[in-house]
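Chains A and B supply the protein sequences, listed in that same order. For the first sequence, position 120 matches number 120 in the UniProt record's numbering, and the numbering has no gaps at all. For the second sequence, position 15 matches number 15 in the UniProt record's numbering, and the numbering has no gaps at all.
Number of protein chains: 2
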Amino acid sequence: MEARTRRRVRDPAATRETILDAACNLLAKDGLEGVSLSAVAHLASVNRGTAYQHFETREKLIEATIEWVSDKMFRAVFGDPATLGERRVEEVDVSALTDRLSEFAMENPEIGRVWLQQVLASPDPSQDAFWREYCGSLRRFASTSLAVPGIDAEVMSVINLAGVFFWPVFARAHAADEGERSELTRRYTHEILRLSMYGTMSAKAFPDVAERLSKDFAKD
Amino acid sequence: MEARTRRRVRDPAATRETILDAACNLLAKDGLEGVSLSAVAHLASVNRGTAYQHFETREKLIEATIEWVSDKMFRAVFGDPATLGERRVEEVDVSALTDRLSEFAMENPEIGRVWLQQVLASPDPSQDAFWREYCGSLRRFASTSLAVPGIDAEVMSVINLAGVFFWPVFARAHAADEGERSELTRRYTHEILRLSMYGTMSAKAFPDVAERLSKDFAKD
DNA sequence: TCACTGATCGACAATGTTGCTGGTCAATTG
DNA sequence: CAATTGACCAGCAACATTGTCGATCAGTGA
Chain A
1 MEARTRRRVR DPAATRETIL DAACNLLAKD GLEGVSLSAV AHLASVNRGT AYQHFETREK
61 LIEATIEWVS DKMFRAVFGD PATLGERRVE EVDVSALTDR LSEFAMENPE IGRVWLQQVL
121 ASPDPSQDAF WREYCGSLRR FASTSLAVPG IDAEVMSVIN LAGVFFWPVF ARAHAADEGE
181 RSELTRRYTH EILRLSMYGT MSAKAFPDVA ERLSKDFAKD
Chain B
1 MEARTRRRVR DPAATRETIL DAACNLLAKD GLEGVSLSAV AHLASVNRGT AYQHFETREK
61 LIEATIEWVS DKMFRAVFGD PATLGERRVE EVDVSALTDR LSEFAMENPE IGRVWLQQVL
121 ASPDPSQDAF WREYCGSLRR FASTSLAVPG IDAEVMSVIN LAGVFFWPVF ARAHAADEGE
181 RSELTRRYTH EILRLSMYGT MSAKAFPDVA ERLSKDFAKD
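Structure representation (structure tokens):
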């Protein structure tokens, strides 16, 4: 009859990681609603009590999960935070960065959206490393001659990130297999680059809008 | 002592509306997580049993709420569906449409995001009237000479809608009063128009990206 | 007027979740 | 080696939520 469930070997750091990883997967699968301590602990094969030992409350767990996601994302998109300082703005390969971000978003659905939501709602988004880096590099880029003048880096960050994190919702729902999925990823990166280069409206066809833009501009 | 709670006068249609309206408000306040039948019924001052009479299950209620939101949004952005057919593509005022959409998104936070999420995840987004109209008009616009060539209407719809529905998360968290909020709305509409007209990257500074774009293009 | 439909309500069972507590046991440290 | 720490676990209490049922009672139509 035996069969007592084996007691987990004592390794707090690893346990914490296990729990966060489980929370992350659950987040990607069912969204925020699906992240209950019961479900997370079960998926991580950890006792609920143990989970509470590591994270005081559900809120704290979610908060920690978001940070964990942010870090994962940072590495996937910008590489190792340690070696970051050395690179130059001019050297940043916009096109490759977009590729990596789209890739990550597609592989980790849901969590990017949840992360963005939390970060934007927080009193100071730049507390978050990924946001700081993303928005910051966009701002630096905007100040170079490589960029069109008049870019609002904050708004552009929101637009870019919102788009890249929402597209997988559509893509994953409409792609039957891996192949179609990467095709849809390609479609997205193509379009975002095309948009960045050429916009959507033929400038000479819209003198009124152009005028409105320059007027808004004067107000700033 | 008396004080029996008055029984609601019999008016199923109005009751249904009341419930949906409550659900909608709750959605805007607390997101999907906040929409429990208990909370909705309470807010609507309706017995929970009554709510179940109108909506078989929580899922059904949420589904109905999303449709209701879609309809509200449609009217706010495109006007009355009945008088829609008459207008021409060329007559559509892009700039005014953007204004109305941003306005709506700011006034009704959360629900637009949830709506977009549901619609994109559904097997056939064009079942939804708002999506059909938005994406369709973008497609029609793309085929005119007013537009830059090569636009992917579906991707652009996602980018635009994701952006406009996410911006309020940032804006509402960082605006102290009504005035700051409308200023932030203005910032958004300005930037999205600017982006549509001029993009972000100086085309001549990025011959490699331009080449990649034309290559991708050839593959299609 | 009177039966009938169905909108509304109060209560109940089943289930799930949160957070807490007290107990066990492995590792560390003096 | 003994004592202490704290990681881990099982179970409890409080509460929320879902979905269901049977009992009313207001309109409606015969």
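Beta carbons: idealized from backbone N, C-alpha and C, even for Gly.
Where residue i sits in the DSSP three-state scheme
i                      : result
residue 147 of chain B : strand
Of the listed residues the options, nearest to residue i (C-alpha basis)
i                      : options                       : result
residue 189 of chain A : A:75, A:106 and A:82          : A:106
residue 17 of chain A  : A:31, A:29 and A:67           : A:67
residue 58 of chain B  : B:174, B:71, B:33 and B:177   : B:33
residue 119 of chain B : A:156, A:120, A:134 and A:174 : A:174
residue 13 of chain B  : B:6, B:29, B:55 and B:43      : B:55
residue 134 of chain B : B:148, B:205 and B:97         : B:97
residue 148 of chain B : B:11, B:195 and B:60          : B:195
residue 53 of chain B  : B:71, B:11 and B:80           : B:11
Beta-carbon gap between residue i and residue j smaller than 8 angstroms
i                      : j                      : result
residue 213 of chain B : residue 193 of chain A : yes
residue 73 of chain A  : residue 141 of chain A : no
residue 113 of chain A : residue 166 of chain A : yes
residue 202 of chain B : residue 37 of chain A  : no
residue 41 of chain B  : residue 51 of chain B  : yes
residue 150 of chain A : residue 199 of chain B : no
residue 163 of chain B : residue 159 of chain A : yes
residue 137 of chain A : residue 92 of chain A  : yes
residue 152 of chain B : residue 191 of chain A : yes
residue 169 of chain B : residue 111 of chain B : no
residue 209 of chain A : residue 156 of chain B : no
residue 8 of chain A   : residue 15 of chain A  : yes
Close beta carbons around residue i, own chain, < 7 angstroms, minus the five adjacent residues each side
i                      : result
residue 95 of chain B  : 193
residue 183 of chain A : none
residue 215 of chain B : none
residue 116 of chain A : 161, 162 and 165
residue 76 of chain A  : 100 and 104
residue 78 of chain A  : 84 and 133
Beta-carbon contacts of residue i that lie in its chain and below 8 angstroms, excluding the five residues immediately before and after
i                      : result
residue 172 of chain A : 106, 109 and 181
residue 65 of chain A  : 20, 23, 24, 27 and 35
residue 122 of chain B : 128
residue 31 of chain B  : 110 and 114
Neighbour-count burial assignment, residue i, 16 or more Cβ in a 10 Å radius
i                      : result
residue 2 of chain B   : Confidence at residue 2 of chain B is low in this model, with a pLDDT of 34, below 50, so its placement is unreliable and the value that follows should be read with caution. Answer is exposed; the Cβ neighbour count stays below 16.
residue 179 of chain B : exposed
residue 154 of chain A : buried
residue 46 of chain B  : buried
residue 83 of chain B  : exposed
residue 176 of chain A : exposed
Cβ shell of residue i (< 6 angstroms), same chain only, five flanking positions each side left out
i                      : result
residue 132 of chain A : 126
residue 185 of chain A : 102 and 106
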